[in-house]
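Just below is one structure, and these are the notes that go with it.
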Amino acid sequence: MTDTSTQTGTATPFAPLHDPSTRGFASDNYAGIHPEVLAALVAANGGHQVAYGEDVYTARLTEVLGEVFGTGVGVFPVFNGTGANVLALQACTPRWSSVLTTSSAHIHVDEAAAPERVGGFKVNVIDTPDGKLTPELIRAYPARVEDEHFAQVGVVSITNSTEVGTVYTPAEIRAIADLVHDLGWVLHLDGSRLSNAAAALGVGLRELTTDAGVDILSLGGTKCGAMLAEAVVVLSPERVHGTTFLRKQSMQLASKMRFVSAQLLALFEGDLWRRNAEHANAMARRLADGVAGIEGLELPHEVEANAVFPILPRESSERLMESFRFYFWDEASGQVRWMCAWDTTEGDVDRFVEAVRAELG
Ligand SMILES: Cc1ncc(COP(=O)(O)O)c(C=O)c1O
Numbered sequence: 001m002t003d004t005s006t007q008t009g010t011a012t013p014f015a016p017l018h019d020p021s022t023r024g025f026a027s028d029n030y031a032g033i034h035p036e037v038l039a040a041l042v043a044a045n046g047g048h049q050v051a052y053g054e055d056v057y058t059a060r061l062t063e064v065l066g067e068v069f070g071t072g073v074g075v076f077p078v079f080n081g082t083g084a085n086v087l088a089l090q091a092c093t094p095r096w097s098s099v100l101t102t103s104s105a106h107i108h109v110d111e112a113a114a115p116e117r118v119g120g121f122k123v124n125v126i127d128t129p130d131g132k133l134t135p136e137l138i139r140a141y142p143a144r145v146e147d148e149h150f151a152q153v154g155v156v157s158i159t160n161s162t163e164v165g166t167v168y169t170p171a172e173i174r175a176i177a178d179l180v181h182d183l184g185w186v187l188h189l190d191g192s193r194l195s196n197a198a199a200a201l202g203v204g205l206r207e208l209t210t211d212a213g214v215d216i217l218s219l220g221g222t223k224c225g226a227m228l229a230e231a232v233v234v235l236s237p238e239r240v241h242g243t244t245f246l247r248k249q250s251m252q253l254a255s256k257m258r259f260v261s262a263q264l265l266a267l268f269e270g271d272l273w274r275r276n277a278e279h280a281n282a283m284a285r286r287l288a289d290g291v292a293g294i295e296g297l298e299l300p301h302e303v304e305a306n307a308v309f310p311i312l313p314r315e316s317s318e319r320l321m322e323s324f325r326f327y328f329w330d331e332a333s334g335q336v337r338w339m340c341a342w343d344t345t346e347g348d349v350d351r352f353v354e355a356v357r358a359e360l361g
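Going by the UniProt record's numbering, the sequence shown opens with residue 1, and the numbers climb by one from there.
This is the structure in structure tokens:
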């Protein structure tokens, strides 16, 4: 039998099929893997480790996220953000109840009804001017408590940073959490870009979650430099049930979990999450500052994290899209989304600003 103990892989050359120097402003998911995350994956490779989360990397991740979010938190690595949200929400939503969120929430508009189909609960929404719920908006919602004909709210879900690039402060989250708990509900946070929110405010991850009264968190890694790695973090175990079994039922239990956990360790054991998020945020700031004041371009939202949502003439966007990738956010108003990532460079931003200026000038 061949001794495979020294095999480290094949020497087959692999040429990229794309130009690795090309970057646009379409999404932070368009970026590749941060070299430190890639190095962590390589370090975690080789030999055998117990499958399905009984490995040393997942054990270490549980310790590390315990230090970050508080002792006793439950840590459930998963593959993607939709999976994290659907799993987290299932685990805290009673069978008969619904989730209340904003009309711009990813769980409402960008998860193809996975929450309803896989999670089996209804999502009810509130319109907001800036992607953020407030206690006033929640209080004004006609929740029809005790009305058996209405899907009873059991959970409120907020996103930080929001889908429109705004940021909740710890005090704003605390005010929502207090109301939600008074009403006997649970607070979920979609933290797909939690790192960007914390970096924008100069606070820690715990201040925006555990200390602000969040009960369950979808913690994002992918947009912050991971290849594919998110985690559900249970912050209030007494309000959340069955996460272990629901993760398997929701097809989010990775057999080779060590590689998901290693990515999250690379981000959260040190300060890589903050470095990457601060950089992406700074690039969005540079972009917003660069285009501010250009006639024919409007910036309706504060640029607080790594996204810019300007409104400009549709034909101008279409011409710019021929050279720089980005998407329409709202076809009707001509609003577009420009997203910066951990690998966006100052040169990328400056070239784009020049192109916008030339187009509108
Ligand atoms: C706010 C928010 N939540 C969750 C996700 C996760 O989505 P995915 O399932 O594509 O990883 C995204 C991705 O764009 C997002 O923007």
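Glycine is no exception: its CB is placed at the ideal position from the N, C-alpha and C atoms.
| said: Distance check for Val349 and Gly184, CA to CA, integer angstroms please. | reply: Residue 184 sits at position 184 when you count from the first residue of the sequence shown. Residue 349 sits at position 349 when you count from the first residue of the sequence shown. Inter-residue distance for Gly184 and Val349 is about 46 Å (C-alpha atoms, whole angstroms).
| field | the segment 241-258 / the segment 322-329 touching (three or more Cβ pairs under 8 Å) | value | no
| If you measure from the CB of Glu163, is any heavy atom of ligand 1 nearer than 7 Å? | If you number the sequence shown from 1, residue 163 lands on position 163. Yes, ligand 1 has a heavy atom inside 7 Å of this Cβ.
| So, Thr344 versus Ala254, is the Cβ gap smaller than 8 Å? | Residue numbering aside, residue 344 sits at position 344 when the sequence shown is read from its first letter. Residue numbering aside, residue 254 sits at position 254 when the sequence shown is read from its first letter. No, they are not a contact pair.
| task | Answer with buried or exposed for Gly221, where buried requires no fewer than 16 other C-beta atoms within 10 angstroms of its C-beta. | result | If you number the sequence shown from 1, residue 221 lands on position 221. Under this definition Gly221 is a buried residue.
| query | With C-beta atoms as the reference, is Val233 less than 8 Å away from Phe69? | reply | Translated into the one-based positions of the sequence shown, residue 233 becomes position 233. Translated into the one-based positions of the sequence shown, residue 69 becomes position 69. Cβ atoms of Val233 and Phe69: closer than 8 Å.
| request: State the Cα-Cα distance for the pair Leu187 and Arg286, rounded to the nearest angstrom. | output: Sequence index remark: in the sequence shown, residue 187 carries index 187 (1-based). Sequence index remark: in the sequence shown, residue 286 carries index 286 (1-based). Rounded to the nearest angstrom, the two C-alpha atoms are 34 Å apart.
| Would the beta-carbon of Ala200 fall within 8 Å of that of Ser161? | Position 200 of the sequence shown, counted from the start, is the residue given in the question as residue 200. Position 161 of the sequence shown, counted from the start, is the residue given in the question as residue 161. Yes, these two residues count as a Cβ contact at 8 Å.
| message | In this structure, how does DSSP classify Arg319 when only helix, strand and coil are distinguished? | response | Taking the sequence shown and counting its residues from 1, one reaches residue 319 at position 319. Of the three classes helix, strand and coil, the one that applies to Arg319 here is helix, per DSSP.
| said: By the three-class DSSP mapping on this structure, what secondary structure does Met1 have? | reply: Taking the first residue of the sequence shown as 1, we reach residue 1 at position 1. Low per-residue confidence applies at Met1: pLDDT is 47, beneath 50, and the placement is therefore not dependable enough to give any value.
| Excluding five sequence neighbours on each side, which residues of the same chain lie with their C-beta closer than 8 Å to the C-beta of residue 425? | An answer regarding residue 425 cannot be provided, because it is not within the stretch 1 to 361 covered by the chain.
| So, do the segment 296-315 and the segment 332-340 have three or more beta carbon pairs nearer to each other than 8 Å? | The answer is yes - the segment 332-340 touches the segment 296-315, with three or more Cβ pairs under 8 Å.
| task | Would you kindly work out how many angstroms separate the C-alpha atoms of Gly47 and Lys132, rounded to a whole number? | result | Against the sequence shown, residue 47 aligns to sequence position 47. Against the sequence shown, residue 132 aligns to sequence position 132. Looking at the two C-alpha atoms, the distance is approximately 47 Å.
| message | Using DSSP's beta-bridge definition, name the partner residues of Asp330. | response | Here residue 330 corresponds to residue number 330 of the sequence shown, with the count starting at 1. As a beta-bridge residue in DSSP terms, Asp330 pairs with Gln335.
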